[in-house]
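Each protein sequence line maps, in turn, to chains A and B. Just so we're aligned, residue 10 is where the first sequence starts under my numbering, counting upward by one. Just so we're aligned, residue -4 is where the second sequence starts under my numbering, counting upward by one. We put the CB at the ideal spot given by N, CA and C, even for glycine. Just so you know, these numbers come straight off a predicted model, no measurement behind them.
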Amino acid sequence: MSAIEVRGLVKHYGEVRAVDGVDLTIEAGEVFALLGPNGAGKTTTVEILEGHRDRDAGEVGVLGFDPADENREFRERIGIVLQSTSIIPELSVREIIDLFGAMYPKPRRTAEVIEIVGLTEKADARIKTLSGGQVRRVDLALGIVGDPDLIFLDEPTTGFDPSARRNSWSLIQNLRSLGKTILLTTHYMDEAQNLADRVAVIAGGVIVAQGTPDTLGGRAIGAARVTFRKPDDAADLPEPFRVEADRDGLISVQVDNPTTALHQLTEWAVRRGIDLERLAVTRPSLEDVYLAITQEADGG
Amino acid sequence: MGERPGLAGLSLRQLRYENKIFWRTPIAAFFTIFFPLMFLLLFSALFGDEVIEIPGRETFSVAQFYAPALAAFAAGSATYTNLGVQTAFARDQGILKRFRGAPLPSSAFMIGKISSGIWIAFLASALMLAVGAVFYDVSIEPKRLPAALITFLLGAGCFAGLGMALGALAPTGEGSPAIANATYLPLAFASDVFIAIGEPPVWLKVIGDVFPLKHFVNAFQDAFNPLTDDLAFRPTDWAVMAAWGVFGALIAWRFFAWQPRESGPSAKRPGRQRAD
Chain A
10 MSAIEVRGLV KHYGEVRAVD GVDLTIEAGE VFALLGPNGA GKTTTVEILE
60 GHRDRDAGEV GVLGFDPADE NREFRERIGI VLQSTSIIPE LSVREIIDLF
110 GAMYPKPRRT AEVIEIVGLT EKADARIKTL SGGQVRRVDL ALGIVGDPDL
160 IFLDEPTTGF DPSARRNSWS LIQNLRSLGK TILLTTHYMD EAQNLADRVA
210 VIAGGVIVAQ GTPDTLGGRA IGAARVTFRK PDDAADLPEP FRVEADRDGL
260 ISVQVDNPTT ALHQLTEWAV RRGIDLERLA VTRPSLEDVY LAITQEADGG
Chain B
-4 MGERPGLAGL SLRQLRYENK IFWRTPIAAF FTIFFPLMFL LLFSALFGDE
46 VIEIPGRETF SVAQFYAPAL AAFAAGSATY TNLGVQTAFA RDQGILKRFR
96 GAPLPSSAFM IGKISSGIWI AFLASALMLA VGAVFYDVSI EPKRLPAALI
146 TFLLGAGCFA GLGMALGALA PTGEGSPAIA NATYLPLAFA SDVFIAIGEP
196 PVWLKVIGDV FPLKHFVNAF QDAFNPLTDD LAFRPTDWAV MAAWGVFGAL
246 IAWRFFAWQP RESGPSAKRP GRQRAD
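Spelled out as structure tokens, the structure:
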């Protein structure tokens, strides 16, 4: 059974079609990243799956439950890391993790959870004295204290410094290695690239692309960019590369068939005994693909 | 698979958590516990020398009347104002949403919250009466303790229900203290809390009679009244309080929301398109 099955999910707010027919399947044990611009329907979709919002239409199964039913067993088996929600400021880190842990049938030990999120030194500090990044780590702790099978991470590292973000990534990878299913939303493409087994891009309330981070939007095949410093004698460069160099003296050309084009170029260079300086073949980054997809979806 | 935690244990945890939050919020603790006490000290400074003489019996200070009235006032504020304001703020901040996403039965949450309000009301009233007893000779006959306790529980329960209704109806957390004070304080003037008005204008009397605070104050005062000698059972007042409590609970049950309102400060606006 898939961890999450969504068919034809619809949620409207008055005239606004926040979610307009989303289909999604997430397998157990998978890390799945949902990408999309603000207002694209990401958070609405995730909140419907969490049971925080009701839907107007569509079929939703999460761990075999309908999240719209108030089911305690369902909530025992999911962990939610909320976005931009404050945590009871008067409690200490230990107190709040104790409080929430006690609601689950098989919670992780509080001290262990505190250690996992790296807040051991702040265990007895009140939430209101913590920095923004530390509060997010408490959020993360509350999402995993019940040892859930499925974890929702809504922009888990927004506002983190790079090292805190790396730590969270390794925590998420740990959770994956324990067989947890993770649904992640993020603005950061490097995060999706690093963590996700599969990604989907949502825009205008519908899924406009999905695949692995490496193949999204045909990323693994097709166009690539070949770059090199223009040699002094470049009069008879092969056809696609016969262009003006930029200010740095670089020729940079997008080619549809990089294998052939690169062969022509290197054969030409070898024949002339030229070592091509700064030769590079680059695929579009996940970010390039994401921007192209979302701009297209936006009608831009 | 471990044992699923039981309702009693979870409710008790919630109660302890709510109490902790209360004592760690100095402004709430001040207004609930010490603010009513200041009225007692103030009134005593103003009317301190006045005593009531009953022929053939001992004399009583006027505190014998207004200490119980202020105790009822404090109990109402500990439940109505506190629960209403706390709930509205917790909703706006997404704290209720956080509880909602966890496997905490709503009943455990509600029991914890309401019993915490009643417990704090008990402390506020007990402190008022203790200060009255120690400094102003306030006393109660043991045979009237049952009536005092019933009145207290019905009064605090009634205002807890109304507090949950306030929390459910208040549009924002920030606005909730103003709503609480604008409703509760004027009502206190119509309800014999500060001054027992001998011959009030009709409209003031009607307001006092319709709403539950005057019934709470009068019934509670009655248990301390040295001029009467019955058991101080006040079924009519009790019925009015119970009815208002049920009404408040129904309103709360109908309008209670776990999610931040869309217009709230920390609320996301899912309908908003392309904020960038």
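I need the straight-line Cα distance from residue 118 of chain A to residue 162 of chain B, nearest angstrom please.
34 Å
Reference residue 80 of chain B, options B:180, B:176 and B:222, closest by Cα:
B:176
N- and C-terminal bounds of the beta strand (DSSP E) containing residue 22 of chain A
13 to 22
Counting only beta-carbon separations shorter than 9 Å, does residue 115 of chain A have a partner in chain B?
yes
Report the neighbours of residue 187 of chain A on chain B: residues whose CB is nearer than 9 Å to its CB, in chain order.
Going along chain B, no residue has its Cβ under 9 Å from residue 187 of chain A, so there is no contact; the nearest lies around 16 Å.
When DSSP labels each residue in this structure, what does residue 206 of chain A get in the three-state scheme?
coil
Whole-angstrom C-beta distance between residue 195 of chain A and residue 77 of chain A, which should lie under 8 Å
Not quite, the Cβ-Cβ distance comes to about 26 Å (not below 8 Å), so this is no contact.
Would you mind giving the Cβ-Cβ distance between residue 36 of chain A and residue 12 of chain A, rounded to the nearest angstrom? I have them listed as a contact below 8 Å.
6 Å
Around the Cβ of residue 281 of chain A, are there at least 16 other Cβ atoms within 10 angstroms (buried) or fewer (exposed)?
exposed
C-alpha distance - residue 147 of chain A paired with residue 235 of chain B, whole-angstrom precision:
46 Å
Rounded C-beta distance between residue 92 of chain B and residue 253 of chain B? I'm assuming under 8 Å.
6 Å
Using a C-beta to C-beta distance shorter than 8 Å, which residues of chain B count as neighbours of residue 108 of chain A?
8 and 12
Chain B beta carbons: is any one of them nearer than 9 Å to that of residue 216 of chain A?
no
Over what stretch of residues does the alpha helix (DSSP H) that includes residue 120 of chain A continue unbroken?
119 to 125
Could you tell me the distance, in whole angstroms, from the CA atom of residue 7 of chain B to the CA atom of residue 107 of chain B?
6 Å
Name the chain B residues whose beta carbon is nearer than 8 Å to that of residue 72 of chain A?
In chain order: nothing, as chain B lies at least about 13 Å away.
On the premise that residue 162 of chain A lies in contact with residue 152 of chain A, defined as a C-beta separation below 8 Å, what is that separation, rounded to the nearest angstrom?
7 Å
DSSP three-state label for residue 249 of chain B, please.
helix
Ordered along the chain, which non-local residues of its own chain (more than five positions away) have a Cβ less than 8 Å from that of residue 304 of chain A?
none
So is residue 29 of chain B buried or exposed if we call it buried at 16+ other beta carbons inside 10 Å?
exposed
What do you reckon, are the CB atoms on residue 259 of chain A and residue 238 of chain A nearer than 9 Å?
yes
How far does the beta strand (DSSP E) with residue 220 of chain A in it extend, from its first residue to its last?
215 to 220
What does residue 16 of chain B reach in chain A if we use C-beta pairs closer than 8 Å?
97, 99 and 100
Would you check if there are 3 or more beta carbon pairs closer than 8 Å linking the region 137 to 144 of chain B to the region 68 to 86 of chain B?
no
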